[in-house]
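Take a look at the structure set out below.
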Amino acid sequence: MPKQTFFNLDETKRKAIVEAALNEFASRPYNEASLNTIVATSNISKGSLYQYFDDKRDLYLYLIERAGEVKLQYLHKYNSTLLFDDFFQGFGDLMKHGVEFNLANPLYSKLLNSAFNGPLIDESMAKMKQMNAVFMDGLIQAAIEKGQVRSDVDHELIVYVLNALTTDFSKYVAVKSNLTISDAIDDLMDLIKRGLAISG
79 MPKQTFFNLD
89 ETKRKAIVEA
99 ALNEFASRPY
109 NEASLNTIVA
119 TSNISKGSLY
129 QYFDDKRDLY
139 LYLIERAGEV
149 KLQYLHKYNS
159 TLLFDDFFQG
169 FGDLMKHGVE
179 FNLANPLYSK
189 LLNSAFNGPL
199 IDESMAKMKQ
209 MNAVFMDGLI
219 QAAIEKGQVR
229 SDVDHELIVY
239 VLNALTTDFS
249 KYVAVKSNLT
259 ISDAIDDLMD
269 LIKRGLAISG
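Basically our numbering = 1-based index in the sequence shown + 78.
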């Protein structure tokens with residue numbers, strides 16, 4: 079994580095460093111991403127960068143966490159308006175908004191997708207799944223209390239499975255050229271509903 083010296087910088091300089099790093103890591107595999115390019119683009123010295131971050135790995139994982147937070151903030155905005163009167167409808171709509179976020183924020187989307195394939199996959203995926211799990215936990219608990227989701231299934235298992243599904247969903251859609259995003263989400267929600275909804 080960034081050192082305090084990074085947060086002591088003025089917002090303009092912090093933003094320049096983040097944008098330069100985001101562009102570099104989103105456009106190249108982790109092993110090919112260059113700190114030299116990042117410092118040149120953000121007009122700082124390489125020595126200064128090491129005053130803000132321990133190393134390349136530290137900077138990359140910070141960006142992964144930041145990208146995840148930005149996406150969750152975006153989804154929280156819709157979460158407050160959807161209210162999840164129907165958990166399954168609301169969750170499906172939330173997934174659609176997640177796809178919309180990816181389209182509107184291609185650099186963040188590319189960076190988050192890189193977490194699936196890079197050498198730091200265990201660490202980066204752990205960060206993403208931890209953030210998603212906290213968000214998902216509240217939604218599932220509320221749905222159980224409303225009698226919309228089965229209470230006989232372990233709560234943590236539900237969170238884990240839905241977290242894994244949403245994390246990998248974009249990869250599934252990417253290879254299904256004959257399937258629209260809307261149809262893919264409808265199919266997924268039907269599958270989830272059959273397993274979690276209270277019958278009757």
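Even for Gly, the Cβ is constructed at its ideal location relative to N, Cα and C.
Treat the numbers as computed from the prediction; the structure is a model and nothing was measured.
**Message:** Let's test the definition: count the other Cβ atoms within 10 Å of the Cβ of F85 and tell me whether it reaches 16, buried, or not, exposed.
**Reply:** The count along the sequence shown starts at 1 and reaches residue 85 at position 7. Burial call: exposed.
**Request:** Note the first and the last residue of the continuous alpha helix (DSSP H) segment covering P184.
**Result:** Counting from 1 along the sequence shown, the entry for residue 184 is found at position 106. Run containing P184: P184 to S192, per the alpha helix (DSSP H) assignment.
**Request:** Please confirm whether I122 and I142 have their CB atoms less than 8 angstroms apart.
**Result:** As a position in the sequence shown, residue 122 is number 44, starting the count at 1. As a position in the sequence shown, residue 142 is number 64, starting the count at 1. No, these two residues do not count as a Cβ contact at 8 angstroms.
**Of the residues F213, V148 and K91, the one placed nearest M187, counting alpha carbons only** = As a position in the sequence shown, residue 187 is number 109, starting the count at 1. Before going further, note that residue 187 is Ser rather than Met in the sequence given. Nearest of F213, V148 and K91 to S187, Cα basis: V148.
**Request:** Reducing DSSP to helix, strand and coil, say where V212 ends up.
**Result:** Locating residue 212 in the sequence shown gives position 134, where the first residue counts as 1. V212 falls in the helix class under three-state DSSP.
**Request:** Check the C-beta distance from A262 over to V251 and give it rounded, since I have them as a contact under 8 angstroms.
**Result:** Here residue 262 refers to the residue found at position 184 of the sequence shown. Here residue 251 refers to the residue found at position 173 of the sequence shown. With 8 angstroms as the limit, A262 and V251 qualify as a contact, their Cβ atoms being about 5 angstroms apart.
**Message:** So G225 and I276 are supposed to be a Cβ contact under 8 angstroms. How far apart are they, rounded?
**Reply:** In the sequence shown, residue 225 corresponds to position 147, counting from 1. In the sequence shown, residue 276 corresponds to position 198, counting from 1. Indeed, because the Cβ distance is near 6 angstroms, the residues count as touching under 8 angstroms.
**Asked** Helix, strand or coil: how does DSSP classify V239 here?
**Response** Residue mapping note: residue 239 aligns to position 161 of the sequence shown, counting from 1. Three-state DSSP puts V239 in a helix.
**Contact set for Q129: own chain, Cβ-Cβ below 6 angstroms, skip 5 residues either direction** = The residue you call residue 129 lines up with position 51 of the sequence shown. Excluding residues within five positions, the ones whose Cβ falls inside 6 angstroms are T83.
**Message:** For V231 and D88, what's the separation of their Cα atoms in angstroms?
**Reply:** Locating residue 231 in the sequence shown gives position 153, counting from the first residue. Locating residue 88 in the sequence shown gives position 10, counting from the first residue. Rounded to whole angstroms, V231 to D88 spans 49 angstroms at the Cα level.
**Asked** Given that a residue counts as buried once 16 or more other Cβ atoms are within 10 Å of its Cβ, and exposed if not, what is K249?
**Response** Sequence index remark: in the sequence shown, residue 249 carries index 171 (1-based). Label assigned to K249: exposed.
**Prompt:** In chain order, what residues of the same chain have a beta carbon less than 6 angstroms from the beta carbon of V177, not counting five sequence neighbours either side?
**Reply:** For the purposes of this step, residue 177 is taken as the residue at position 99 of the sequence shown. Same-chain partners within the cutoff: I259.
**Request:** Reducing DSSP to helix, strand and coil, say where A111 ends up.
**Result:** Numbered from 1 along the sequence shown, position 33 holds the residue referred to as residue 111. A111: coil per DSSP, three-state reduction.
**Q219 versus F169: straight-line alpha-carbon distance, rounded** = Looking up residue 219 in the sequence shown gives position 141. Looking up residue 169 in the sequence shown gives position 91. When rounded, the distance between both Cα atoms is 13 angstroms.
**Message:** Let me make sure I understand the geometry here. Which of L185, T245 and N191 has the alpha-carbon closest to that of A98?
**Reply:** Numbered from its first residue, the sequence shown carries residue 98 at position 20. Closest option to A98, Cα to Cα, is L185.
**Buried/exposed call for G273, threshold 16 Cβ in 10 Å** = Translated into positions along the sequence shown, residue 273 becomes position 195. Result: exposed.
**Prompt:** How big is the Cα-Cα spacing for L139 and M79?
**Reply:** Your numbering for residue 139 matches position 61 in the sequence shown. Your numbering for residue 79 matches position 1 in the sequence shown. Taking the straight line joining both Cα atoms gives about 7 angstroms.
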